[in-house]
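J.:
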Amino acid sequence: PFGFDKQGCDIYSRVIYGARASVSVGVLTTIAVVIIGGTIGAIAGYIGGWIDSLLSRITDVFFAIPLLLAAIVFMQMFKESRSIMMVVTVLAAFGWTQIARITRGAVMTAKNEEFVTAARATGASRARILVSHIIPNSMAPIIVYATVALGTFIVSEASLSFMGIGLPSSVISWGADISAAQGSLRDAPMNLFYPGMALALTVLSFIMMGDAVREALDPKARK
497 PFGFDKQGCD
507 IYSRVIYGAR
517 ASVSVGVLTT
527 IAVVIIGGTI
537 GAIAGYIGGW
547 IDSLLSRITD
557 VFFAIPLLLA
567 AIVFMQMFKE
577 SRSIMMVVTV
587 LAAFGWTQIA
597 RITRGAVMTA
607 KNEEFVTAAR
617 ATGASRARIL
627 VSHIIPNSMA
637 PIIVYATVAL
647 GTFIVSEASL
657 SFMGIGLPSS
667 VISWGADISA
677 AQGSLRDAPM
687 NLFYPGMALA
697 LTVLSFIMMG
707 DAVREALDPK
717 ARK
């Protein structure tokens, strides 16, 4: 229904199959940054002291590095081994900082609550208090940001593939299809429109889902 490109490939099929790579990169990267950033932020916020200062300075260093620029440099360095997991690793290595900051703030707020004081009074260990009480009560802002960040990572993967340094040519992705459609922009502009529309709608959907999750988990945000 979307027609064919210059090589006779069905554009509709490529748009459908392109969702696999793009969404896979977004979901896997989001899971990785939540694990990495959540762990660092939880330790920094709960223990405090010099450990908090050290981890916060490390987070600031990585936060100062632009995500897309760092991804371009590293993907160029390892362009012979490009794959979905390679893109996920590079994006996760530089995309965890915001999650770490959000987790740190949420943990610092939760550790002063009365239920934490009650857990300490019952003799619970610091690790048990962190895992069983503080982290579950700090998940709301983390989940909200993760749903929004998922769309950001999908766009980052599409940008890398658009520049030809993301996923290999054997993997169908929206960014690669948008790049390939540039040559026929005057003759067949819809070849570029369909993968671009799929990318925009997917990112918009995840952002709207993030707003819905925020309203569901934060009663103060409800109108």
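According to my numbering, the sequence shown is numbered sequentially starting from 497. Don't be surprised by glycine CBs; every beta carbon is placed ideally from N, CA and C.
#1: In the DSSP output, what is F500 paired with across the bridge?
#2: Distance, Cα to Cα, A560 vs I554?
#3: When the Cα atoms are used, what is the spatial distance from G499 to T643?
#4: Look up W670 in the DSSP assignment and say whether it is helix, strand or coil.
#5: Classify Y542 as buried or exposed, calling it buried when 16 or more other Cβ atoms lie within 10 Å of its own Cβ.
#6: Straight-line CA distance for M581 to R710?
#7: Under 7 Å between the Cβ atoms of G601 and V529?
#8: Under three-state DSSP, which class holds M663?
#9: Kindly give me the distance between the Cβ atoms of A696 and G671, rounded to whole angstroms, as I take these residues to be in contact under 8 Å.
#10: Buried or exposed for S665, going by 16 or more other Cβ atoms inside 10 Å?
#11: Using C-beta distances below 6 Å, list every residue in its chain close to S657, excluding the 5 sequence neighbours before and after it, in chain order.
#12: Considering only their Cβ atoms, is the gap separating T599 from A538 smaller than 7 Å?
#13: At what residues does the alpha helix (DSSP H) containing R682 begin and finish?
#14: Within 10 Å of its beta-carbon, does F574 have 16 or more other beta-carbons around it, so buried, or fewer, so exposed?
#15: S652 and L564 look like a contact to me (Cβ under 8 Å); what is the Cβ gap, rounded to whole Å?
#16: Go through its chain and collect everything with a Cβ distance to S675's Cβ below 8 Å, but skip five positions before and after it.
#17: Suppose only complete runs of 4+ residues qualify. What are the alpha helix (DSSP H) ranges in the segment 587–634, listed by chain order?
T.: This is what the structure holds:
#1: F500 is bridged to D506.
#2: Spanning the two alpha carbons is a distance of roughly 10 Å.
#3: One C-alpha to the other measures close to 33 Å.
#4: If DSSP states are grouped into helix, strand and coil, W670 belongs with the helices.
#5: Y542 should be labelled buried.
#6: Near 29 Å, if we compare the C-alpha coordinates of R710 and M581.
#7: Not closer than 7 Å, so no.
#8: First, the amino acid is wrong: residue 663 is Leu here, not Met. Note: L663 maps to coil in three-state DSSP.
#9: Actually they do not touch by this definition, with Cβ atoms about 12 Å apart.
#10: Under a 10 Å Cβ-count criterion, S665 is classified as exposed, with fewer than 16 other Cβ atoms of the shown protein chains found around its own Cβ.
#11: The answer, listed in chain order, is L663, S669, G671 and A672.
#12: Yes, the Cβ-Cβ distance between A538 and T599 is below 7 Å.
#13: Where R682 is concerned, there is no enclosing alpha helix (DSSP H), given that its DSSP letter is neither H nor E.
#14: Result: exposed.
#15: Between L564 and S652 the Cβ distance is about 6 Å, and since that is below 8 Å, they are a contact.
#16: Within the same chain, S675 has close Cβ partners S657, F658, M659 and G660.
#17: The qualifying runs are 593–606, 610–617 and 622–625.
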